[in-house]
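Enquirer: This is the structure, below, for whatever I ask next.
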Amino acid sequence: VQLVESGGGLVQPGGSLRLSCAVSVSLVSIATMGWYRQAPGKRRELVASITNSGATTYADSVKGRFTISKDNAKNTGYLQMNSMKCEDTAVYYCWAARDWTTYWGQGTQVTVSS
Numbered sequence: 016v017q018l019v020e021s022g023g024g025l026v027q028p029g030g031s032l033r034l035s036c037a038v039s040v041s042l043v044s045i046a047t048m049g050w051y052r053q054a055p056g057k058r059r060e061l062v063a064s065i066t067n068s069g070a071t072t073y074a075d076s077v078k079g080r081f082t083i084s085k086d087n088a089k090n091t092g093y094l095q096m097n098s099m100k101c102e103d104t105a106v107y108y109c110w111a112a113r114d115w116t117t118y119w120g121q122g123t124q125v126t127v128s129s
């Protein structure tokens with residue numbers, strides 16, 4: 016299983032970005048997928064996840080600002096990030112769980128700065 020992220024970049028505070036995660040297998044076979052992030056000097060933290068049935072979870076720090084979704088027809092997951100803050104700056108990693116194995120993307124840099 017391969018995951019390829021895209022959509023990172025530089026955005027001003029209050030702005031928006033949408034991350035995409037293209038998966039090499041059918042999302043129907045993926046039990047759960049989501050996004051982690053890791054800021055410099057900090058531990059990797061779970062940002063959001065979505066199950067095969069569409070149930071979602073979010074870190075408290077992003078609730079109401081970020082939205083996770085997926086398109087089974089395109090085998091792609093998304094993270095819509097709105098009202099972004101400087102503290103959202105991090106490398107964002109897509110992950111997916113399938114058959115008791117976790118797979119990771121290579122990460123995409125998101126920088127929020129004026």
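Residues in the sequence shown are numbered from 16 upward in steps of one, following our numbering.
The beta-carbon is built from N, C-alpha and C at its ideal position, and this holds for glycine as well.
According to DSSP, what are the bridge partners of S35?
Expert: S21, Y93
Enquirer: Would P28 pass as a contact of K89 if the rule is Cβ separation under 9 Å?
Expert: no
Enquirer: By how many angstroms is the C-alpha of V77 removed from the C-alpha of G30?
Expert: 14 Å
Enquirer: For S84, which three-state DSSP category applies?
Expert: strand
Enquirer: Here's the rule: buried if 16 or more other CB atoms are within 10 angstroms of the residue's CB, otherwise exposed. What is K85?
Expert: buried
Enquirer: Give the DSSP-derived three-state secondary structure of S129 in the structure shown.
Expert: coil
Enquirer: Could you compute how far the alpha carbon of L61 sits from the alpha carbon of C109?
Expert: In a straight line, the C-alpha of L61 is about 10 Å away from that of C109.
Enquirer: Let me know the secondary structure DSSP gives V44 once reduced to three states.
Expert: Reading the sequence as shown, one finds Ser at residue 44 and not Val. Residue state, collapsed to three classes: helix.
Enquirer: Please report the distance separating the alpha-carbon of T123 from that of W115.
Expert: 25 Å
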